[in-house]
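Notes for the one structure printed next.
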Amino acid sequence: MEQHIAELLKQNQELILALQRTHGSSQKVTVQFEKFDEENENFDCFFERFQTYLDVQNIPADSRAKVFISSLSAKLYQLLKNLLAPDLPSDQNLDKLKNVLKQHLTPKPLIIPSRHKFLNRKQNEGESINSYIAELRALAINCDYDSNMLNIMLRDVFVSGLRDKAILDRLFEEDNIDLDKTLQIALAMEKACKGANDIMGQGIKAVYAGKKQMNKKSNFVSNQKKPLFCSRCTGTDHVKEKCRFISSKCNFCSKVGHIQRACFAAQKSKTKPVKQKQVSFNGKAENKNEIPVFELNSIDSGLHEQPPIMINLKIENKNCTMELDTGGAVSVMSINNFRKISKKQIQPTNVVFKTYKGDSLIPMGYVTVKVEYRNQILNLNLYIVKENLDTILGREWLYKINLDWQAIKAVRATSKRNLSQLLEEYKNIFDDELGEINNYQVKLELKPEVKPIFCRVRTVPFALKGRVENEIDRLEKEGIIEKVEHSEWATPVVPVVKPDGSIRLCADYSVTLNPNLIVPQHPLPRLEEIFTSLNGGKQFSKLDFKHAYLQMKVHPESQKLLTINTHKGLYVCKRLMYGLNGAPAIWQRYVDGLFQGMQGVEVFMDDARITGSDEMSHFKALEEFFKKCKEHGLKLNLSKSQFFQNEINFLGHKIDANGLHKTDEKISAVVKAPVPKNVQEVKSFLGLVNFYGKFCKNLATIANPLNNLTKKDVKFKWSKDCQVAFQQIKKEICSPKVLVHYDPELPLTLASDASPVGVGCVLAHIYPDGSERPIAFASKTLSKTEQKYSQIDKEALAIVWAVKKFHLYLKGRRFTLVTDHKPLVAIFGSKRGLPVLTATRLLHYALILQSFQFDIVFRKTADHGNADFLSRLPKTSEELEVKDDITIFQMTQIETLPVTSRELRQETGKDEELGPLLRALREGRNLQGREAQYTIEDGCILYGQRVCIPKKYQKNVLDELHTGHLGMVKMKALARSFVYWKDIDKDIEDAVRNCVDCARHKTDPAKAKVHYWEYPSMPWERIHIDFAAQFSSICFY
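So that you can map any letter, position 538 of the sequence shown is 538 in the working numbering, and since no number is skipped, the others follow by simple counting.
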């Protein structure tokens, strides 16, 4: 009985459990789960969906891994299987599967690039506040900021990237507000601005509707009978043809045909003058809640059929051409054009420009500039914009400047109208294609018994190899070079990085062809001939030949001499290349013969200057010049050309309608030299006095007050006598007693020097008696970036800057460079070429100097007083700080590293090995061997193009190189393009040998890429054939 009861109870419990299971299963929710789609979502989002799915479905923990595998696509499962091999995915838990896939599909981004991208994110045009902040939040995820810092950085980057100036001004009124408050203000102002624009749009519609009604009303009135009115007597009962005063004489204006009562002149004299309403452009007086809007009609001037009226004037002592726009309320200039003429600080403004299409344009601000026009000097406001617009002269300036309207109308009626038609007719000579002279080929002549020179290819940095190949392909496509299999001559090439990251390929002919080439002799035009040809002209045009030398074809027999050796093979050059000794003389000889006899045309190197005795002759000379260029295949650069200018500057002279005038350009470096501030600067100035003292007998006497300052026990005090002596000496040095005119028959020398603050140079002639007399002086202050150069880089910069400054005097003739830095004599004067790892900047400078013929000599600093003074007391430079190509490239090399330039700069000075080297480079010591290949960039040391890493950060860089376990060979190749330290190869080898993962996969065979055949769409579309066997001398397939 008890046993029977126990069985009943057991059955009852089983029934209850079955009912519970049935009830639970009936409550289960069925959810459809979409598999992972890597094209439309990232892995993190997918796994979040998957985790939610597991929770909803109450899937047990031991089954979750298998459910996860079933949710993957076939492609993703194959990837997971390969990543886990030789293990199987089904044997792993969910966390393991997730981590493996996540690490592969979404590797953690590097912090520094992520922060760089975040910090440089700006609001795009038309992007709303909500979209902008959402993008910033997404970018900040990988920046590794803590919670407090994250909100601060989001606020700061958000504010700095806003486009709307009104919102910025409103936010600047608040002091240290948090992110939420910042967003609240910005969103409120965005909504208010949008609402105001909607209201304004309705108002404009209402105005148009009102005008339409008025037009209808005027049409109705015109159909009615018009009242009678006589303009001769103001009568209302007759018309003027029947007026009895038709022959009467007016007592006010004495004209016949009306009386005084109807005289317009009398009525005008009685009316009070209307006071012109002045618009205030002072940013301080503007209401921050009001944004004045001005019409700016010239922004889309491309729609106008008539050519614009151009006004030539001076802004901040610089020649400038502005487009006259009577529809524009103010004068406008782009920031790029403004920075070429001034460094003045831009003042804030609330002005907003509106184009005729209704588009708004927010300026950066305004600057009060000095404006000169035909003996008128005014201080006027110039508005600066980011957009690359034409420079516009608006009504604000028009009211204050008295323009020469007769001259403007005359130019408009003749030259300007015809010039537009002429440029359209000859537009082919201004296109982007490379010119090709069709009736001339260059033949190069070698010296007797010259043996061919074949230089091996220079190693191209790994980081530049792709860009170098692209440049080679471009040159080959344009027909400048052509690949060959073999050549007796081969010249190495050097890649030079441009600011935009592209490559300019330069051939180093100094080690191959230049020493063995017979340089053709052709005299350059004498200055007297050029000035005589241009004298008497009323206006002047200047044109630039585009890539002048490359337009000249080389004879097939001479092409092999210009062969270049690249990592892609040998290429012959089919055009005349830059860096060839005879190129200037060959070009000048051709253009002299081509344009010989043309009245009003003078060609000097790659510049042509054209003029005429009047507008018509000027235009005819310009047309004849264009015709010649078109016939012979020459191309011109329109962006560098100027037409119908009132004056031009050439070789230290100004040429205009009144004749030839001297300018102060040649002596400005001495005249504008600042007053010495210490004894060392006084001694430097006295070095200039001693250098040229033999030409002025009383120069030493005048300098007596300055000599007293250099005495040992005399306290430095700049007195009135010192100032008088200083000015008098400068005046004497710039007088005809010392300064001479340029003579192409006399030997030419160019002395340069560099100091910690500036560079200076003197162009001079050597007379038969051995005396050296100056032609021109020049100096400039070094920018902050240039001041950080090593001393050898500064001295090299001084040479290159001097050569560029006086290139019109130096092109096509031999001259002597003089420097007091002996290492540069070996570098720039060497005929063996530069080492492969020569500092990039020096290599770049050497390539620039290749196109000039010069000897370089060393002069002791004690005998180098002329250039030394100009470098230590340079005139204030009007040039803006623009980083050169090499600086930009080397900074990008540093930015790719896992350490910042600031960290490198701080540790380099402390490092045991790099610290002494840094001091030696800064002091300009004569470094030999491997040390001569080092240079400084922003306080960091570079070995060639590789950044030298201090010991503290070597492990960080090594870990970065080891990322991905590339192997020993690839790690070394990557390092040789970016970083360097002593024994870096050994450190890489040790890192790879001690890596467990590298050792485990070291012997693995390379995995072959799986090839999937495309599925055929029909039978017999593709047939596969293979050898089966050979049987009875028959080969079966």
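Ideal placement from N, C-alpha and C gives every residue a C-beta, glycine not left out.
- For residue 320, the enclosing beta strand (DSSP E) starts and ends at 318 to 324.
- Measuring C-alpha to C-alpha distances from residue 547 to each of 441, 437, 555, 313 identifies 437 as the nearest.
- Restricting attention to 791, 731, 777, 138, the CA atom closest to the CA of residue 751 is found in 777.
- Residue 753 sits buried, since 16 or more C-beta atoms from the chains shown fall within 10 Å of its C-beta.
- Counting along the chain, the unbroken beta strand (DSSP E) around residue 544 starts and ends at 540 to 545.
- If you ignore the 5 residues before and after residue 98, its C-beta comes within less than 8 Å of the C-beta of 47, 68, all in its own chain and listed in chain order.
- Looking only at 582, 50, 481, the smallest Cα-Cα distance to residue 813 is reached by 582.
- Counted as a single uninterrupted DSSP element, the stretch harbouring residue 369 is not any alpha helix (DSSP H) but the beta strand (DSSP E) occupying residues 365 to 373.
- Using a Cβ distance threshold of 7 Å, residue 362 and residue 483 do not count as a contacting pair.
- Look at the stretch 735 to 790 and you find these whole runs of alpha helix (DSSP H), each 4 residues long or longer: 784 to 787.
- Restricting attention to alpha helix (DSSP H) runs no shorter than 4 residues, the stretch 414 to 465 encloses them at 417 to 425, ordered along the chain.
- In the assembly as shown, residue 265 is an exposed residue. Its beta-carbon has fewer than 16 other beta-carbons within 10 Å.
- Counting only the Cα atoms, residue 960 lies some 13 Å from residue 112.
- Rounded to whole angstroms, the separation of the alpha carbons of residue 338 and residue 404 is 25 Å.
- The Cβ-Cβ distance between residue 450 and residue 460 does not fall below 7 Å.
- For the pair of segments examined, the stretch 762 to 782 was found not to touch the stretch 717 to 731: the number of CB pairs separated by less than 8 Å stays below three.
- Take residue 475, set aside five residues on each side of it, and the residues of its chain with a beta-carbon closer than 6 Å to its own are 481, in chain order.
- Pairing residue 604 with residue 588, the inter-Cα distance amounts to about 7 Å.
- Across the structure, residue 533 and residue 715 are spaced so that their CA atoms are roughly 57 Å apart.
- With fewer than 16 other beta carbons inside 10 angstroms of its own, residue 1013 counts as exposed.
- The Cβ atoms of residue 611 and residue 537 sit closer than 7 Å to each other.
- Its chain contains 630 as the residues whose beta carbon lies nearer than 8 Å to that of residue 428, once the 5 sequence neighbours on both sides are disregarded; these appear in chain order.
- For residue 508 and residue 521, the gap between their C-alpha atoms comes out near 22 Å.
- Residues of the same chain with a CB within less than 6 Å of the CB of residue 595, apart from the 5 flanking positions on each side, are 601, 603 in chain order.
- From the listed residues 709, 755, 713, 703, the smallest Cα separation to residue 732 is found for 703.
- Annotation for residue 724: the continuous alpha helix (DSSP H) segment containing it runs 720 to 733.
- If you draw a 10 Å sphere on the C-beta of residue 394, you find 16 or more other C-beta atoms in it, and that means buried.
- Here residue 64 is near residue 94, since their CB atoms are less than 7 Å apart.
- Looking from the CA of residue 965, the closest CA among 992, 332, 458 belongs to 992.
- The stretch 550 to 558 and the stretch 609 to 625 do not touch, with fewer than 3 CB-CB distances between them shorter than 8 Å.
- In this structure, DSSP gives residue 946 an extended state, which the three-state scheme calls strand.
- DSSP places residue 521 in no beta strand (DSSP E); its state is neither H nor E.
- In this structure, DSSP gives residue 855 an extended state, which the three-state scheme calls strand.
- Contact fails between the stretch 816 to 823 and the stretch 937 to 957, because fewer than three Cβ pairs, one in each stretch, are under 8 Å apart.
- The shortest CA-to-CA distance from residue 118 to any of 230, 155, 478 is the one to 155.
- Residue 855 and residue 701 have their C-alpha atoms roughly 36 Å apart.
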